[in-house]
Structures are given as structure tokens and as C-alpha cells.
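S.K.: Got a structure for you, written out below as C-alpha cells; questions coming shortly.
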Amino acid sequence: MQQQSLWWRDGVIYQIYPRSFNDTTASGIGDLNGITEKLSYLADLGVDALWLSPINPSPDVDFGYDVADYRGIDPKFGTMKDFDRLVKQANRAGIQIVLDLVLNHTSDQHPWFLASRSARDNPLRDYYLWRDPAPGGGPPNNWQAVFGGPGWEWDEATGQYYYHMFYKEQPDLNWRNPKVRQEMLDVFRFWLDQGVRGFRLDVFNVYFKDKRFRDNPFALGGIRPFDLQRHLYDFNQPELVGVLQDIRNVLDGYDAAYAIGETFLSTPEKAAEYAGPDRLHACFNFEVTKARYHPQALMRRILAWQEALGEKWPNYVFNNHDVIRSATRYGQGEDDQRLKVMAALLLTLRGTPFLYYGEEIGMRDIKVRRKDILDPIGKRYWPIYPGRDGCRAPMQWDASPQSGFTTGEPWLPLHPGYPARNVEQQSSDPSSLLAFYRQLIALRRAQPALIQGDFAPVAISKRSVMAYRRAHADDAFLILLNFSSVSQSLSLPAGRSFTPALSSHPRPADQPLTGALQMSGNEALILREG
Ligand code: ISL
Numbered sequence: 008m009q010q011q012s013l014w015w016r017d018g019v020i021y022q023i024y025p026r027s028f029n030d031t032t033a034s035g036i037g038d039l040n041g042i043t044e045k046l047s048y049l050a051d052l053g054v055d056a057l058w059l060s061p062i063n064p065s066p067d068v069d070f071g072y073d074v075a076d077y078r079g080i081d082p083k084f085g086t087m088k089d090f091d092r093l094v095k096q097a098n099r100a101g102i103q104i105v106l107d108l109v110l111n112h113t114s115d116q117h118p119w120f121l122a123s124r125s126a127r128d129n130p131l132r133d134y135y136l137w138r139d140p141a142p143g144g145g146p147p148n149n150w151q152a153v154f155g156g157p158g159w160e161w162d163e164a165t166g167q168y169y170y171h172m173f174y175k176e177q178p179d180l181n182w183r184n185p186k187v188r189q190e191m192l193d194v195f196r197f198w199l200d201q202g203v204r205g206f207r208l209d210v211f212n213v214y215f216k217d218k219r220f221r222d223n224p225f226a227l228g229g230i231r232p233f234d235l236q237r238h239l240y241d242f243n244q245p246e247l248v249g250v251l252q253d254i255r256n257v258l259d260g261y262d263a264a265y266a267i268g269e270t271f272l273s274t275p276e277k278a279a280e281y282a283g284p285d286r287l288h289a290c291f292n293f294e295v296t297k298a299r300y301h302p303q304a305l306m307r308r309i310l311a312w313q314e315a316l317g318e319k320w321p322n323y324v325f326n327n328h329d330v331i332r333s334a335t336r337y338g339q340g341e342d343d344q345r346l347k348v349m350a351a352l353l354l355t356l357r358g359t360p361f362l363y364y365g366e367e368i369g370m371r372d373i374k375v376r377r378k379d380i381l382d383p384i385g386k387r388y389w390p391i392y393p394g395r396d397g398c399r400a401p402m403q404w405d406a407s408p409q410s411g412f413t414t415g416e417p418w419l420p421l422h423p424g425y426p427a428r429n430v431e432q433q434s435s436d437p438s439s440l441l442a443f444y445r446q447l448i449a450l451r452r453a454q455p456a457l458i459q460g461d462f463a464p465v466a467i468s469k470r471s472v473m474a475y476r477r478a479h480a481d482d483a484f485l486i487l488l489n490f491s492s493v494s495q496s497l498s499l500p501a502g503r504s505f506t507p508a509l510s511s512h513p514r515p516a517d518q519p520l521t522g523a524l525q526m527s528g529n530e531a532l533i534l535r536e537g
């Protein structure tokens with residue numbers, strides 16, 4: 008029997024990077040009213056919730072991930088009234104709002120930090136991680152910042168170091184301080200009372216650091232000093248689970264409230280460990296993001312994720328504001344065929360699908376010249392790593408100047424291909440990627456088997472074709488994804504007949520298929536059994 012529908016389990020969650028979605032004030036930066044204006048587009052697409060990257064007041068050293076007031080709206084995005092209107096109108100369209108809470112660190116401009124750094128005996132000193140220099144001088148231990156340099160910043164005025172896992176303008180909070188915990192639980196309540204129903208928790212698994220501030224051991228890793236350590240003492244501390252339980256208790260006091268954590272340096276096992284009925288509803292596992300366009304590479308990661316989760320509900324994400332867009336990773340030039348295969352995969356797996364704005368039209372990353380880089384991590388590591396501006400370019404709405412995103416000067420350049428690749432153009436083309444996303448989401452919404460159905464890989468004679476079955480009650484679907492650019496002939500499972508429910512390629516519908524099947528190159532085909 009089908010369980011009662013639950014938005015975060017059965018729905019599709021769409022991430023918006025508010026700076027880049029839709030600007031109604033000609034500031035060059037997207038805003039809340041811009042999102043409200045596009046609600047009918049989002050409802051037509053068929054999404055059930057919007058995760059907004061941070062909208063709190065921020066000096067924007069890390070573009071919103073450095074928060075100066077957890078209960079406010081940054082004026083560049085609008086007002087609390089605008090937010091309220093967005094929530095109400097979204098809810099009316101059946102869309103929930105998910106906020107991004109950045110609770111590991113604040114901005115160095117947050118009043119708490121200003122107070123904390125003002126004097127050693129300030130009552131808020133212990134809201135952050137202050138330490139004396141090491142006995143011989145220098146930083147208290149060997150912890151490194153993710154974005155480069157040591158994790159410790161010297162404060163001349165008070166003669167101590169404070170710890171920051173990210174930029175020095177993002178001091179880490181002291182989650183061992185009960186007042187900090189209380190403040191944060193109240194932040195959840197505050198937004199829940201405003202009608203927010205979900206939260207994405209930024210780097211939640213680093214809230215706690217080792218009590219004794221021990222050095223991390225050396226490890227072979229990437230290029231950054233941060234990657235040359237085993238993060239034994241600055242990640243995943245045992246005290247974390249208690250806080251997740253506290254957060255969950257708050258959420259359980261509200262109807263259908265939800266939290267998904269960003270598991271930093273995730274493994275499927277770590278992500279699974281922090282999700283469950285007495286902790287977060289879900290955690291991100293980014294392993295699938297790292298797979299090539301290859302059926303076995305992807306399936307291996309999907310199965311590992313399912314295995315780690317056991318009974319817990321999965322989620323899948325191919326894009327976010329930190330990674331190169333999947334269209335850039337998998338697309339070939341301007342061709343979108345592979346992206347349709349990936350879209351079919353994302354939307355027919357068993358688990359909550361997350362989309363990132365522009366994914367539905369196959370937006371590619373922009374190339375940013377060195378002098379135009381805005382993401383500080385890109386300035387620091389260029390050319391080895393150009394930063395994250397590439398995946399954050401303005402949404403491509405239409406072919407008009409600045410793509411309809413703004414009438415001002417956009418904060419990041421538009422992708423030069425926007426006149427040909429945009430929402431308006433793809434809306435009028437039934438064979439577009441956008442049209443395919445709409446069809447996929449509509450099919451998914453209508454078919455409990457594609458939402459709650461069991462998932463089982465199906466052995467198929469062709470290695471380049473991924474095949475799996477979703478079955479629920481009397482309904483079953485066979486999903487066939489041809490990862491090769493050449494056509495494939497294969498045999499359908501014996502003794503059953505199938506009807507095409509949706510294909511990325513033209514195909515006569517309503518014609519029962521049995522036995523041999525011919526698939527086009529890069530075809531995504533969803534067959535209904537019986
Ligand atoms: O993007 C990264 C580096 O290239 C990641 O390591 C990223 O820093 C990590 O996934 C944590 O991300 C989150 O917290 C950061 C913020 O900059 C990211 O945008 C956010 O998603 C600090 O708040």
C-alpha cells in the first residue's frame with residue numbers, strides 16, 4: 008500500500024542560488040521577488056520544494072556562506088515581507104521552502120564575533136574557538152583552512168588565535184557552548200515559524216572539533232595542505248550526534264519539517280550514519296557526482312550508497328553551487344543527449360532528486376578570466392583551481408540582453424551561449440532538454456512505482472546500457488539508459504511485454520514490445536511492464 012505522500016521524500020527539490028536566479032531591481036543580483044515572479048515556471052516544471060542558498064545578511068566574502076544575522080534577510084535580496092510573500096505564494100503552488108543554514112561558522116562581522124573578539128573577558132568570548140599560541144609560539148595546532156593557509160588567525164588586540172575552517176572571515180563557532188546550541192535551535196524555530204519547512208545544513212559534520220585540539224595526522228591527499236591531513240580531530244566528532252538529535256526534536260514539533268545535511272568530505276557510510284529517525288532526515292553523499300558518464304561507474308556508486316543507507320531513504324544530486332555543472336562534465340559541446348540520459352537516471356532512481364537551477368536547460372559553466380574571478384578560493388588557487396564562479400552564472404531565461412535575468416549589469420557574466428540556450432527557447436521546443444525534464448517529472452509524479460517502488464538492477468546483454476526495474480504493488484517500470492553514442496540491440500527480459508512510457512528519442516508509443524529491442528545512441532527509455 009502506498010504511504011501517505013511526503014514532500015521531501017516523494018518530491019523533487021530544486022536548488023536556487025538566489026544571486027543568480029532573477030533580478031527585479033536592476034542591481035545585477037537576483038532577489039526574492041525575482042523568485043516569486045518565477046513560481047509559475049517552477050510549478051510547471053513540477054518541483055515540490057526550493058532550497059535557497061543563504062539569504063541572510065552577509066558581507067559576501069563567501070557569497071552568503073558567511074552569515075552576519077541568522078534571523079534577517081539581506082537587503083540585496085529584499086525584505087522579510089518579500090520573504091513572507093514568497094513562502095505564501097510558493098505554498099499555494101504546493102512548493103515548500105528550504106533554507107540553507109550555515110551554522111558551523113559566522114561572518115567575522117556577526118555581532119557575536121565582534122563582541123567575542125573585543126576582549127578576553129567578553130561574555131561572548133567562548134562563542135568561538137580562541138586559543139593561546141603553541142608553547143613555542145605560532146598557531147595552537149596544525150589544523151588547516153579548507154580555502155588555504157592555516158586554520159588559525161592571530162588576533163593582535165587580545166593576544167590569542169581564533170579558528171576558522173574556511174576563510175579567516177568565517178570564524179568557527181564553539182558548539183560545546185550550551186548557549187551557542189540554544190541560539191541555533193532557536194534559529195530553526197524562528198524560520199519554521201515563518202513557514203519554512205526544510206533546511207540544508209552547511210558542513211554540519213564539522214560543528215565539533217576535538218576538545219583537546221590535537222594535531223591531525225599526516226595523510227597523502229590532494230594539492231592543498233588541507234588535503235594532506237587525516238581529519239581525525241576537526242571532523243565527525245562523537246558529540247555531533249547529540250546535536251543532530253536536538254535539531255531533530257525541534258523539527259519533529261512541526262508538521263513535515265525536514266533537514267538534509269551537507270556531509271563535508273562525504274563517504275556513503277558517513278552520510279548514512281548521520282541520517283535516521285533520531286538524527287537528520289537525510290545527508291548528501293557526493294560520490295555519485297564524481298562518476299564519469301559510464302554505466303558501471305555510476306551504478307557502482309549508486310549501489311554503494313543504497314547499501315550504506317539500508318532502510319534509510321536515499322537522495323541523489325548531480326549539481327550544486329560548489330561543483331562543475333553536470334552539463335559541463337557530461338555534455339558534448341552543445342549536444343544534450345547525454346544530459347537526457349542523466350536526467351532520466353536522476354528522476355527514476357529510488358530517492359529524492361535534487362536539481363540545481365539551470366540544470367533543466369543544460370546550462371554550462373562559464374569561463375571566467377583570471378582578473379574577473381570573484382570566488383576568493385579561485386583567486387588563490389588559479390590556474391590549478393579557478394574557483395566556483397563557473398557554475399554560478401545567471402539563469403538563462405530568454406534571448407534578450409542579459410537573458411532576461413537583469414536589466415542592470417549582472418554580477419557574473421552570462422554564458423555566451425544564452426541566446427540559443429534559454430528557458431523561452433526550450434519551452435517552445437518539444438524535443439528540448441527542458442521539455443524532457445518536464446515530462447520526466449510529470450511521469451514520476453503520476454507513478455508511485457517511480458517514487459516509492461523498489462529498485463533492482465536488471466542484467467542486460469549490453470554493457471553500455473544501464474538497466475533497472477522499479478516496482479510497486481502491481482506496477483513496474485524498466486528503465487534502460489544507453490550510455491553509448493551508437494545504437495544497441497538488446498533482448499528484453501523474457502516472458503513479459505512492455506509499453507514505452509517515455510523516451511528521449513522519437514519512438515512509437517502504445518506499441519507493446521517483447522523480445523528484441525533496438526535503442527538509439529544515448530537513448531533514455533522508460534518502459535512500463537505489461
Ligand atoms: O567547494 C569546495 C571547495 O572547492 C568544497 O570543499 C566546499 O568548501 C565544501 O563542500 C563545503 O561547502 C559549503 O561550505 C562552504 C561554502 O563555501 C560552500 O559554498 C558550501 O556549500 C563554507 O560555508
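Counted the way my numbering counts, the sequence shown spans residues 8 to 537.
Ideal Cβ positions, reconstructed from N, Cα and C, are used throughout, including at glycine.
Being a predicted model, the structure only gives us computed values, none of them experimental.
#1: So, do the region 245 to 252 and the region 323 to 330 have three or more beta carbon pairs nearer to each other than 8 Å?
#2: Cβ of residue 328 within 7 Å of any heavy atom in the ligand ISL?
#3: So, using beta-carbon positions, are residue 535 and residue 508 closer together than 8 Å?
#4: By the three-class DSSP mapping on this structure, what secondary structure does residue 536 have?
#5: Please determine, among 524, 374 and 263, the residue with the shortest C-alpha to C-alpha distance to residue 103.
#6: Could you pull the start and end residues of the beta strand (DSSP E) that residue 507 belongs to?
#7: To the nearest angstrom, how far is it from the Cα of residue 173 to the Cα of residue 236?
#8: How far does the alpha helix (DSSP H) with residue 48 in it extend, from its first residue to its last?
#9: For my contact list, residue 328 and residue 395 are in at a C-beta cut-off of 8 Å; report their separation, rounded to the angstrom.
#10: Given a cut-off of 8 Å, decide if residue 205 and residue 15 are closer than it, judged by their beta-carbon atoms.
#11: Scan the region 182 to 217 and note each continuous beta strand (DSSP E) run of 3 residues or more that stays entirely inside, going in chain order.
#12: Judging by CA-CA distance, which residue of 75, 226 and 207 is the nearest neighbour of residue 179?
#13: Rank 462, 302 and 345 by C-alpha distance to the C-alpha of residue 529 and give the top, closest one.
#14: Output the distance between the C-alpha atoms of residue 226 and residue 297, rounded to the nearest integer angstrom.
#15: Taking Cβ positions, are residue 107 and residue 209 nearer each other than 8 Å?
#16: Can you check which of these residues, 281, 403 and 348, is closest to residue 305 by C-alpha distance?
#17: If you follow the beta strand (DSSP E) that residue 341 is in, where does it begin and where does it stop?
#18: In its own chain, which residues sit with a C-beta less than 6 Å from the C-beta of residue 116, not counting the 5 before and 5 after it?
#19: Cutting at 7 Å between CB atoms, please list the residues of its own chain near residue 426, excluding the five before and the five after it.
#20: Would DSSP call residue 531 helix, strand or coil?
#21: Using the Cβ count rule (16 or more neighbours within 10 Å means buried), how would you classify residue 9?
M.R.: Taking the geometry as given:
#1: Segment contact: the region 245 to 252 against the region 323 to 330, fewer than three CB-CB distances shorter than 8 Å; contact not assigned.
#2: yes
#3: yes
#4: strand
#5: 263
#6: 505 to 510
#7: 15 Å
#8: Residue 48: member of the alpha helix (DSSP H) spanning 46 to 52, first to last residue.
#9: About 7 Å; that satisfies the 8 Å criterion.
#10: For the 8 Å CB-CB criterion, residue 15 and residue 205 form a contact.
#11: 205 to 208
#12: Closest by alpha carbon: 75.
#13: 345
#14: 21 Å
#15: yes
#16: 348
#17: From DSSP, residue 341 is part of no beta strand (DSSP E); its letter is neither H nor E.
#18: 66 and 75
#19: Within its own chain, the residues whose Cβ lies closer than 7 Å to the Cβ of residue 426, once the five positions on either side in sequence are excluded, are 406, listed in chain order.
#20: strand
#21: Confidence in residue 9 is poor, its pLDDT being 47 and thus under 50, which makes the residue's placement unreliable; the coordinate value appears in the next sentence. It is exposed - the Cβ of residue 9 has fewer than 16 other Cβ atoms within 10 Å.
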